[in-house]
Every structure is written in C-alpha cells, then in structure tokens.
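Numbering (the working numbering), first residue to last: 28 to 287.
By construction, the Cβ of each residue, glycine as well, lies at the ideal position given by its N, Cα and C atoms.
Treat the numbers as computed from the prediction; the structure is a model and nothing was measured.
Report on the following structure.
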C-alpha cells in the first residue's frame, strides 16, 4: 500500500433519543464532543475534523481551537456525514485513509485509533474487536459480535481457538457481524468496537451503495460493505472504550475523566 495520509473525522449530531443534545453534554466544564476531539488530536495521527450536524457543535470545537464543518442535518448516517465533510475539507483528495471516530467516546484510548489504522494493510476497511469475557454480553443484542478468520500466529504455530492463543497484533479478516451469539461452539466470541478506518476509495464506494438485505435485517451498517465484497480487517484490542448513550454512561465518563 502507498504511503498513508490519514484524516480523523468525528461525526456528531444532537438528535439522540436516550441522551438529548449528547455532544454538548457537560463533562468537567467542556462539551463531550470537545473531549472526543482532544482524544483524536492526542493520537498524533493527523488532521482531525468534526463533522457536525448542528452549528452548536461547530461553535464548541472552534472555541477549543479545533476544526469543524457543518453538514446537512438530514444525512442518513454518520458515515454519510463524514463522507460529506471529507469532500468539503479535502477536495484535492490529499487524504487517502479516513478514520471514523464516533463522537460519543470521550474516554477513548488513543492507542485504539492507531491499532485500527495499523491493521488496515491492503484491505478496504478495518475496525476493532475485543474478546467477550462477560457471559451476559453473549446473548445481548446490543452487543454486536464480530466473526473473525484469525491470522496464523507469527511463529507459525496453529491457532488454538479454545484458549485464545492468537496473534493479537495481526488480528484477522471479518467474515460477519451479528447481534446474535456467533460463532456457535467452544471458541472465543468477539465484541465489535464501532471505530472504522476506510481507504478513501472504499468510503466513496460504500456511501454510493444502497442498504443491503443483511444490513437491514441485523441493523448493522458494516454488513453493506461485506455484502458488496469489500474486505474488512479486524484488530484484536484489549479494552472496550466507553460509549456514552445514557445518563448513566455520562456519569461514568465524568468519573473516569476526573481521575485523569
């Protein structure tokens, strides 16, 4: 693959049913979206732009010294939002790798961003997953599972699926994503983390595709890519970032960031 020129795009909009005005939720005197923007900046990976659905979000990022662009409020998804923003801020197509960091991850470990980019290789897309250790997550439809064809360990030894003796640095190839418990049997089950990396060409292709049957059935946008033949690599992470969807999540984020 040619030299990468990454850009981090953070989609954010106010229309959250469970936590109204979520991007502007206060965390120690700053809006949550500002914390997410700062985590992305701290990664040192490259340019960071917030793709905002409302002017309040743009104003918050500009006040913090960041870069933000107002996108149409009626875009159907965060992926469409970052694609719009990308073409607006980079019409000359300097950036060939696009990192989609969700706007509700104020405690995000910057290592995860690098891990997702590093695993991309020659694939069209990449993302992250964590082995599930909490049995309650296995049959929870809100926990998305990733089915992964794991790379062989670097020393050439066979993969021991039952004991998780795997090459965490290499990760593997995504075969499927589901809200159900998959795969069946005595083997690791992986919790998908919704942080995505795209080649620019793959992002262009993805947003031009109509929703696929499996995407609509599972309510998982990434299945559109797999059904269209796009390849997705997955890095195996050690921790799950805290996504803020409810007031309880916000309270946890405030406690976590108070310790930093």
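Asked	Found
Quick check: what's the CA-CA separation for residue 59 versus residue 174?	32 Å
Mind checking who residue 218 pairs with in its DSSP beta bridge?	157, 172
Decide if residue 243 is buried, meaning its Cβ has at least 16 other Cβ atoms within 10 Å, or exposed.	exposed
Quick check: what's the CA-CA separation for residue 84 versus residue 157?	31 Å
Excluding five sequence neighbours on each side, which residues of the same chain lie with their C-beta closer than 6 Å to the C-beta of residue 115?	96
Flag this pair as touching only if the segment 64-84 and the segment 145-165 have three or more C-beta atom pairs under 8 Å; answer yes or no.	no
Where does residue 288 fall in DSSP's three states?	There is simply no residue 288 to check, as the chain begins at 28 and stops at 287 in what is shown.
Decide if residue 227 is buried, meaning its Cβ has at least 16 other Cβ atoms within 10 Å, or exposed.	buried
If you follow the alpha helix (DSSP H) that residue 114 is in, where does it begin and where does it stop?	105-116
DSSP beta-bridge partners for residue 263?	156
Using C-beta distances below 8 Å, list every residue in its chain close to residue 46, excluding the 5 sequence neighbours before and after it, in chain order.	52, 271, 272, 273, 274, 276, 277
Report all residues from its chain with a CB closer than 7 Å to the CB of residue 112; omit the five preceding and five following residues, and keep chain order.	36, 76, 78, 96, 98
Per DSSP, what kind of secondary structure is residue 277 in: helix, strand or coil?	helix
Quick check on residue 205: does DSSP put it in helix, strand or coil?	strand
Contact check, residue 139 vs residue 124 under 8 Å by CB: the rounded distance?	Not quite, the Cβ-Cβ distance comes to about 16 Å (not below 8 Å), so this is no contact.
Looking at the structure shown, is residue 35 part of a helix, part of a strand, or coil, going by DSSP?	strand
My understanding is that residue 33 touches residue 93, with C-beta atoms under 8 Å, so please give their C-beta distance in whole angstroms.	17 Å between Cβ atoms; not a contact.
Could you tell me if the beta carbon of residue 131 falls within a distance shorter than 7 Å of some heavy atom in the ligand ZN?	No copy of the ligand ZN appears in this structure; indeed no ligand is present at all.
Can you check DSSP and say which residues form a bridge with residue 127?	36, 223
As a quick exercise: from 258, 179, 68, 266, pick the residue whose alpha carbon is nearest that of residue 149.	258
Looking at residue 268: is its Cβ nearer than 8 Å to the Cβ of residue 134?	yes
Out of 117, 163, 262, 204, point me to the one whose CA is closest to residue 252's CA.	204
In angstroms, rounded to a whole number, what distance separates the CA positions of residue 70 and residue 141?	7 Å
Can you give me the C-alpha to C-alpha distance between residue 90 and residue 62, rounded to a whole angstrom?	13 Å
Using a Cβ-Cβ cutoff of less than 8 Å, which residues in the same chain neighbour residue 255 once the five nearest sequence positions on both sides are dropped?	232, 233, 236, 239
What is the rounded straight-line gap between the Cα of residue 50 and the Cα of residue 103?	18 Å
Pull the bridge partners of residue 235 from the DSSP assignment, please.	Partner(s): none; residue 235 has no beta bridge.
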